[in-house]
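Chains as they are written, first to last, in the numbering used here: chain A, 1 to 359; chain B, 360 to 445.
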């Protein structure tokens, strides 16, 4: 891993392990961009080396920028923006994800919509077919707005994609976005009255991840529930109930790209109390596809730590052993270089952390 | 020709200028002409619907106005960021 890109409510911070470091201690802040603005998401496309960031200015709205060096000048992309005829404006950029094709990127925004770029993120176009699904009228915004928050390409097949919407469920395409179908079978929206659950379209999916080595496997953090799909997102199996989690509410979820059986969540107490249970900071890991979960806590605060972590603020570096990193609303960043066995605080006193990605 | 006075935080999108003379007989026409002359400004004060962003104000002769406000040739139109945030 070269660096960590930390999107905060007051700009982007680039963190690097100090050169010659033994691996202990804080990372250094090597660059800061967009001071004072909310960096909702930032990532580096490893294919091109280009950095991309979704930034919301308090007065002047959301914009997407790209740069070859995060410490130098950023260029403003053309879009994502809705066609004028739709009389809709982008409210927030939630996620940017590399696609399969050359220069292909996807971007999820609020109000829930998907945009596509074929030129490395310089220009963006709305995926009209997803915007046009009739069920969109029945989607509902969550507390963070009605967002398209996760994008899962299928390695090697640019036609297959899964996206998740809060609260609009999982949507799947097999033809590059020309047509879409829902993938919500098995999800139980317990936040609705029982008699309203069957026909609802307001499935509040907080985050999904696809396992690259076994693309039919996806993991999901739901609004009250943790799920796995073995059929590429068509249906979902409860892996959060009575399996060792202190709560099945939370926002982010991470996977091990080398092990389809392994996933990580960071539970919060409940949707009515969005802090870590009991004031203990714990990441929970499954090594058996959700059959059981165990707490990872060594080096993390274990008392009086009522922290909140948001859905984009947890990432892995894809290395072996796996590096895991998450940032919290109180401005701390925690990291593990040994697959979660031990953790340390690698930054503190940052602004509230909104998003994190390894670059 | 009306003159547009830009708040500091968006001057970076018009080459660092704080005031620009722009032709147009309404605030909307002036904003359109300004964005045509400086494309990086597109989407900042006015969104893709053609609406003024919620936390952006236009002031003309001491009053907040909308994009339909009529301008005289010697008017100054101020683009102001609302006092909001956290």
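Backbone N, C-alpha and C define an ideal beta-carbon position, used for all residues, glycine too. Given the structure is predicted, the values throughout are model-derived calculations rather than measurements.
From the listed residues A:211, A:32, A:214 and A:266, the smallest Cα separation to residue 222 of chain A is found for A:266.
Contacts with chain B at 8 Å (Cβ-Cβ) do not include residue 65 of chain A. For residue 269 of chain A, DSSP assigns no beta-bridge partner whatsoever. In summary, residue 376 of chain B is exposed, with fewer than 16 beta-carbon neighbours lying within 10 Å of its beta-carbon over all protein chains present.
The straight-line gap separating the alpha-carbon atoms of residue 352 of chain A and residue 330 of chain A is approximately 5 Å.
Burial check for residue 29 of chain A: the Cβ neighbour count within 10 Å stays below 16, so the residue is exposed. In chain order, 268 and 308 place their CB closer than 6 Å to the CB of residue 274 of chain A, counting only its own chain and leaving out the 5 sequence neighbours on each side. Judged by their CB atoms, residue 188 of chain A and residue 197 of chain A are nearer to each other than the 8 Å cut-off.
Our two residues, residue 313 of chain A and residue 425 of chain B, have alpha carbons roughly 39 Å apart in a direct line.
Contact of residue 34 of chain A with chain B is not assigned, every C-beta pair being separated by 8 Å or more. A straight-line Cα-Cα distance of about 13 Å links residue 360 of chain B and residue 390 of chain B. DSSP, read as helix, strand or coil, puts residue 392 of chain B in helix. Here residue 369 of chain B carries a helix assignment [DSSP, helix/strand/coil]. One finds nothing in chain A with a Cβ atom closer than 8 Å to the Cβ of residue 394 of chain B; even the nearest lies about 13 Å away. In terms of CA proximity to residue 37 of chain A, A:61 leads the group A:50, A:46 and A:61.
If you check each beta-carbon in the region 369-391 of chain B against every beta-carbon of chain A, the ones closer than 9 Å belong to 369 and 372. By the Cβ test, the region 151-167 of chain A is not in contact with the region 117-124 of chain A, since fewer than three Cβ pairs between them sit closer than 8 Å. For residue 429 of chain B, the closest Cβ of chain A is not nearer than 8 Å.
Rounded to whole angstroms, the gap between the alpha carbons of residue 136 of chain A and residue 34 of chain A is 33 Å.
The shortest C-alpha to C-alpha distance from residue 355 of chain A to any of A:18, A:9, A:32 and A:41 is the one to A:41. If you look at residue 148 of chain A, you'll find it in the beta strand (DSSP E) that goes 147-154.
For residue 35 of chain A, no pairing in a beta bridge is given by DSSP.
Residue pairing by DSSP places residue 416 of chain B opposite B:439 in a beta bridge. Around the beta carbon of residue 214 of chain A, fewer than 16 other beta carbons lie within 10 angstroms, which makes this residue exposed. Inclusion of residue 414 of chain B and residue 58 of chain A in the CB contact set at 8 Å is warranted, their separation being smaller than that value.
Around residue 104 of chain A, the same chain offers 98, 116, 117, 118 and 158 as residues with beta carbons nearer than 8 Å, after the five sequence neighbours per side are excluded. Proximity of the region 245-262 of chain A to the region 319-328 of chain A meets the contact definition, three or more beta-carbon pairs being nearer than 8 Å. In this structure, DSSP gives residue 293 of chain A a state outside helix and strand, which the three-state scheme calls coil.
Between residue 218 of chain A and residue 152 of chain A, the gap from beta carbon to beta carbon is short of 8 Å.
For residue 221 of chain A, the enclosing beta strand (DSSP E) covers residues 218-222. At a Cβ-Cβ threshold of 8 Å, residue 204 of chain A and residue 166 of chain A count as neighbours. Taken in chain order, the members of the region 86-107 of chain A whose beta-carbon sits within less than 9 Å of a beta-carbon on chain B are 86, 87, 88, 89 and 90. DSSP, read as helix, strand or coil, puts residue 138 of chain A in helix.
The beta carbon of residue 368 of chain B lies closer than 7 Å to those of 440 in the same chain, with the five residues before and after it left out. Proximity of residue 414 of chain B to chain A, defined by a Cβ-Cβ separation below 8 Å, is satisfied. Runs of the beta strand (DSSP E) lying entirely within the region 29-116 of chain A, each at least 3 residues long, are 38-45, 50-57, 61-67, 92-98 and 105-110 in chain order.
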